[in-house]
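Mind the numbering: the sequence shown is residues 34 to 641 in the working numbering, read in order. Ideal Cβ positions, reconstructed from N, Cα and C, are used throughout, including at glycine. Encoded as structure tokens, the structure appears first; notes follow it.
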Amino acid sequence: MCGIFGCASKQGNAAKVIHAALKRLEYRGYDSVGEATLSEGKLFIKKDSGKIDEVHEKLNLDDLPGNLGIGHTRWATHGAPLQVNAHPHIDCEEQIAVVHNGIIENYALVKKELEDKGHVFRSKTDTEVIVHLIEELVKQQNLTLVEAVAEALKALEGSYAIAVISTLEPDKIICARNESPLVVGVGENAVYCASDIPAFLPLTNKAVVIEDGELVIITNDGYEIQKIADLRLVKREPKIIDWTPEMAEKRGYPHFMLKEIHEQPLALRNTLRLQEHYLELMTTFLDRAKEVFLVACGTSYHACLAASYMFSKLAYRATYPIIASEFAEQHGKSVNIESTILAVSQSGETADTLAAVEAARHRAATILGLTNVIGSTLTRVSRVYICQQSGPEIGVAATKTFTAQLCVLAQLALRLAKKRGKVSQDEIDFLEEKLEQIPNIVENVIVKQEDKIKQLARKYKDKREFFFLGRGISTATALEGRLKLMEIAYVPAIAYPAGESKHGPISLVEPGFPVVFVCPPDETRKAVIGNIMEMKARGASIIAIIEEGDEEIKNLAEDFIEVDKGIPDILSPIPYVIPLQLFAYYMAVERSHDPDKPRNLAKSVTVK
Ligand code: AGP
34 MCGIFGCASK
44 QGNAAKVIHA
54 ALKRLEYRGY
64 DSVGEATLSE
74 GKLFIKKDSG
84 KIDEVHEKLN
94 LDDLPGNLGI
104 GHTRWATHGA
114 PLQVNAHPHI
124 DCEEQIAVVH
134 NGIIENYALV
144 KKELEDKGHV
154 FRSKTDTEVI
164 VHLIEELVKQ
174 QNLTLVEAVA
184 EALKALEGSY
194 AIAVISTLEP
204 DKIICARNES
214 PLVVGVGENA
224 VYCASDIPAF
234 LPLTNKAVVI
244 EDGELVIITN
254 DGYEIQKIAD
264 LRLVKREPKI
274 IDWTPEMAEK
284 RGYPHFMLKE
294 IHEQPLALRN
304 TLRLQEHYLE
314 LMTTFLDRAK
324 EVFLVACGTS
334 YHACLAASYM
344 FSKLAYRATY
354 PIIASEFAEQ
364 HGKSVNIEST
374 ILAVSQSGET
384 ADTLAAVEAA
394 RHRAATILGL
404 TNVIGSTLTR
414 VSRVYICQQS
424 GPEIGVAATK
434 TFTAQLCVLA
444 QLALRLAKKR
454 GKVSQDEIDF
464 LEEKLEQIPN
474 IVENVIVKQE
484 DKIKQLARKY
494 KDKREFFFLG
504 RGISTATALE
514 GRLKLMEIAY
524 VPAIAYPAGE
534 SKHGPISLVE
544 PGFPVVFVCP
554 PDETRKAVIG
564 NIMEMKARGA
574 SIIAIIEEGD
584 EEIKNLAEDF
594 IEVDKGIPDI
604 LSPIPYVIPL
614 QLFAYYMAVE
624 RSHDPDKPRN
634 LAKSVTVK
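See below:
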């Protein structure tokens, strides 16, 4: 997730406006920043890696001529955070500049075709193909800028919100979107485009939301919306935004955590656009390894636990999920050159995880990494790493980064199964189809169940403890639901494999004791129903997360939340955790806690 901004002004210095707007978009990404303006038929560009203030200190982002320009604050997905990979990107003739938020899925193929036509690429980004493709279309087919942008976007696959300027038509900005957000701000003496409303809210509260498949021609006295497909005009009037700047940063949501729960469909779509090459490379390492440890903390550990079921059930590959702070004690002596560590850390900076990696490296083990932050320490110590492309997660509690981790790990497990010939083509097709559907399935759970979950939080807000139970892969889902409730609503909770109840924990259960069961219709369902009966017999209040229409469990539960039918068990933690994320969020709100800033916790635990 990056932030883009454009300004076409009747007067004054666009660079200063762009710089201030990028500061207001900094929460969308902050590893590099850049601006491009037009003046007297020339492009002026300043960009570098580093936080906005650091780059401004170095380059003075206010000092660029002209009253029309674009800017970008980056969250790297393709290409490390280096000056050469910072946006804006320009064409060979240095006449066109583009900024982009999203992921171009077919960039490698398009880049090859353009290089064969003589285009010279400077960066490792997917974005750069956009500007060279526009250049090719303007030059070779003599298209106008808007025609070239439209034709270029039709040839590209993936998500984007882009803004383009050119010395060839210096009075306009062309912006366009598919999946990544884009809004236009209409001021008295200027018109703006941005990834999010906060960028221009101090300048104007008149906003026009742009829809997928639309482009906008912006000049300093207006805007024109057209369909990318056929340049057909679209009439849409500005709406008045009555948000405070702080609310606008959360796009109207009361907290970042709720915004990020709702962002999961888009984040998952981006996680399904990982670079083939890195997925294949990591799968090869996982296939050849003599033993594989999955090492992480907290929520990331729960992703590892779920992954151990995925690798085992799909690829017949045993993997050992280990809490990072225990790794050295438990395996420090046995890990060796034939060991492989897949470290999972959304921040890439968790001290316990890095310490476990360091201990393994000293024993010559192979280190693989899964993280959300390119350029983080974990990426630098990994032989191969994958960036999950979730965008920055501001809420301390991990939500969208957790489901994204699961999505990456499921893709790896599926590839490994294919490589090992452990699944039939039909099974592969089925699982790949279901994986593609996951973003929509998650969207359905949120849309259909959020209000009911809010009611549940109101009903159970005064309960002083909970059980979260599941079997098989749902044990991981239960553990994650319990962690969410503890860390943001401060409610003590216990989670364990449901089969363990009779070995002790059930002694805690008394009438009215809330027990959450995660119970997808997999092969553990029958045993889980037995566990539900055990708990009911002792008066527990059963809250069941079930498949839509599971009448048998509905009749046993006091409350239930339904998830779409037909989800394969190895993918079930992704949609089944959504109700638990929302439940924890609304319990925190009901108990008057700030879900974004839970006490005693940090977003990235960089101390051991
Ligand atoms: C999750 O909600 C917590 N914020 C915490 O458990 C977190 O998952 C853990 O600290 C690991 O962080 P990482 O993924 O950045 O390594």
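Assign residue i to one of three DSSP states: helix, strand, or coil.
i    : result
A351 : coil
N46  : coil
S372 : strand
D81  : strand
P530 : strand
Y60  : helix
A337 : Here the sequence assigns Cys to residue 337, which means Ala is not the residue at that position. Of the three classes helix, strand and coil, the one that applies to C337 here is helix, per DSSP.
P278 : helix
T158 : coil
H133 : strand
I51  : helix
S540 : helix
A430 : coil
T252 : strand
Span of the beta strand (DSSP E) holding residue i?
i    : result
L106 : Note that residue 106 corresponds to Thr in the displayed sequence, not to Leu. Its beta strand (DSSP E) spans residues 101-107.
H364 : From DSSP, H364 is part of no beta strand (DSSP E) but of the alpha helix (DSSP H) over 357-364.
T669 : Missing from the structure shown is residue 669; the chain here goes from 34 to 641 and no further.
L502 : 499-503
E324 : 324-329
Looking at residue i: is its Cβ nearer than 7 angstroms to the Cβ of residue j?
i    : j    : result
V224 : Y256 : yes
P70  : G112 : First, the residue type needs correcting, since residue 70 is Thr and not Pro in the sequence shown. Not closer than 7 angstroms, so no.
S82  : P121 : no
T410 : G381 : yes
G191 : I137 : yes
F501 : A511 : yes
A375 : L307 : According to the sequence provided, residue 375 is Leu. The question's Ala does not apply to it. Cβ distance not < 7 angstroms, so L375 and L307 don't count as in contact.
K433 : E293 : yes
T277 : L449 : no
A577 : R504 : no
L604 : A443 : yes
H105 : I207 : no
A47  : L101 : yes
A240 : I230 : yes
L178 : S199 : yes
T383 : C420 : no
Taking the alpha helix (DSSP H) that residue i belongs to, which residues open and close that run?
i    : result
T436 : 433-452
V217 : Premise fails: V217 lies in the beta strand (DSSP E), 216-219, not in any alpha helix (DSSP H).
D602 : Run containing D602: none; DSSP gives neither H nor E here.
Y418 : Unbroken run through Y418 is the beta strand (DSSP E), 417-420; no alpha helix (DSSP H).
Y619 : 611-623
V153 : Per DSSP, V153 belongs to no alpha helix (DSSP H) and is neither H nor E.
I562 : 558-570
D629 : Neither: D629 is in no alpha helix (DSSP H) and is coded neither H nor E.
H295 : 289-295
Using alpha carbons as the reference points, say which of the options lies closest to residue i.
i    : options                : result
F546 : P530, A526, T110       : A526
L314 : A361, G191, F154, G402 : G402
A185 : G191, L178, L166, A196 : L166
E556 : D592, E581, D602, E584 : D602
P354 : E324, E371, I370       : E324
M34  : G424, N118, L189, R453 : G424
D159 : V143, G151, Q173       : V143
C552 : A573, E543, E520, K587 : K587
A322 : K84, S372, V267        : S372
N473 : H295, C337, V131       : H295
P530 : Y523, A522, E513       : E513
A351 : D320, K641, N211, G563 : D320
N405 : L236, E391, C440       : C440
Checking the sheet assignment: what are the DSSP bridge partners for residue i?
i    : result
E247 : R210, K260
E580 : V596
T70  : F77, G102
V241 : V217
K272 : A240
S378 : T404
Y657 : Because residue 657 is not part of the residues shown, which for the chain are 34 to 641, the question remains open.
V551 : I578
I123 : A130
S199 : I129
A397 : None; A397 has no bridge partner.
V267 : I258
S192 : I136
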